[in-house]
Structures are given as C-alpha cells and as structure tokens.
Amino acid sequence: MRSHIRTLTARHEPKGQMISHVKSGSGAIVGLAAVGGLASVTGLPMLIAPLGATAVLLFGQPASPLAQPINIFAGYFIATMIGVAAAMAFPGMWEVSAVAVGVSIALMLMFRVTHPPAGAIPLVATATPFQGSTLFVVVLLSCISLLVLALVHHWIPPRVQYPRRVD
4 MRSHIRTLTA RHEPKGQMIS HVKSGSGAIV GLAAVGGLAS VTGLPMLIAP
54 LGATAVLLFG QPASPLAQPI NIFAGYFIAT MIGVAAAMAF PGMWEVSAVA
104 VGVSIALMLM FRVTHPPAGA IPLVATATPF QGSTLFVVVL LSCISLLVLA
154 LVHHWIPPRV QYPRRVD
C-alpha cells in the first residue's frame, strides 16, 4: 500500500532554480495583466479562465509540446469552433458542453495540436452569453498577446529556447 501512496505523491518535475521560477511567475503576471489591460481598452471580456492555464504552460513549461505556438492557436481554434457550434445549435443544453469538450479533445489529438487549456473553451462558449464571433476575437487577441509576451519573456536572461526547435 505504501508504494501506491508513494507513486501518487511522487514529484515528476525536475527541481529548478529559484530565479527561473520567479521569472516564470513574473511572466505570467505581466502576460495576464497585458491581456487585462487590452480588455479594458477594447471593452472585450478577454480575461477568461483558460488563459491562466495557458500562462502556466507558456511561462512555466515552455519546452512542453503543449506550449508550442501551433498547439496554442490550433487547439484554441478547434475548441472555439466546436464550442460556438454547440452553443448555437443547442442553446442552453448543458449536456452538449460535455460532448463539445470531448469532440474538441479528440480533434486536437487527431491533428496533433493538443493544448489542454483549450479544452475549457467549449464550456465558456456554452455557459456564457458570448456571441460566436466575440469569442473568436477574444481567444485570438488573447493568444497573440500572451505568445508575443512569452517570446520576449524567454529572450530575457536566464534565456530559454522558445518555441522549441524542430529536430
């Protein structure tokens, strides 16, 4: 039984340097503050929950395949398309939310562009009063803002290669 508990509580992430962790947290603060600032200027509700998870990947795990630009943009695009279609076809039906998340995951996996935070977008699309085109604009502007800031962020020492180079 102890080995099972040890397996559940084992840390799989390598130990990092404190300066890198502080830099990652600072990058997320700046990135999300920029999106929030853009939201106040445009009047669009751009600070949606999935962006917090995207910030974790972009600033904290930039080498992850899930944090690469194609995964972010394509994953969010697929999930937004499915979420908006589900919300328009079956308004107010909570059951459709679950199906939309599952279909989004399956498509992201099929196209090899998995971005886990994007899996929440169908829930946003079906549970909020966003109009279809508004959600597309919000997601696109937010992704561009976070990605540009991540590119700059990882260029500042201690530098990190982002995006990952294709081998």
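For reference, each letter of the sequence shown is one residue, going 4 to 170 in the numbering used here. A virtual CB, placed ideally from N, CA and C, is assigned to each residue, including glycine.
- Under the three-state reduction of DSSP, F80 is assigned to helix.
- When secondary structure is reduced to three states using DSSP, E98 falls in the helix class.
- Annotation: I159 is outside any alpha helix (DSSP H) and is labelled neither H nor E by DSSP.
- Residue environment analysis places H7 among the exposed positions, since fewer than 16 neighbouring C-beta atoms fall within 10 angstroms of its C-beta.
- Here DSSP, grouped into helix, strand and coil, assigns R9 to helix.
- If you ignore the 5 residues before and after Q20, its C-beta comes within less than 8 Å of the C-beta of P161, all in its own chain and listed in chain order.
- Of the candidates L144, E98 and P119, the residue whose Cα lies closest to the Cα of T129 is E98.
- The segment 100-107 and the segment 119-128 touch, with three or more beta-carbon pairs separated by less than 8 Å.
- For T137, the three-state secondary structure derived from DSSP is helix.
- CA-CA distance, H156 to G30, rounds to 6 Å.
- Listed in chain order, the non-local C-beta contacts of I75 below 7 Å within the same chain comprise T57, H118, C146 and L150, local neighbours out to five positions each way being set aside.
- Assigned with DSSP and collapsed to three states, A153 falls in helix.
- Nearest Cα to P53 within the set K18, P132 and P120: P120.
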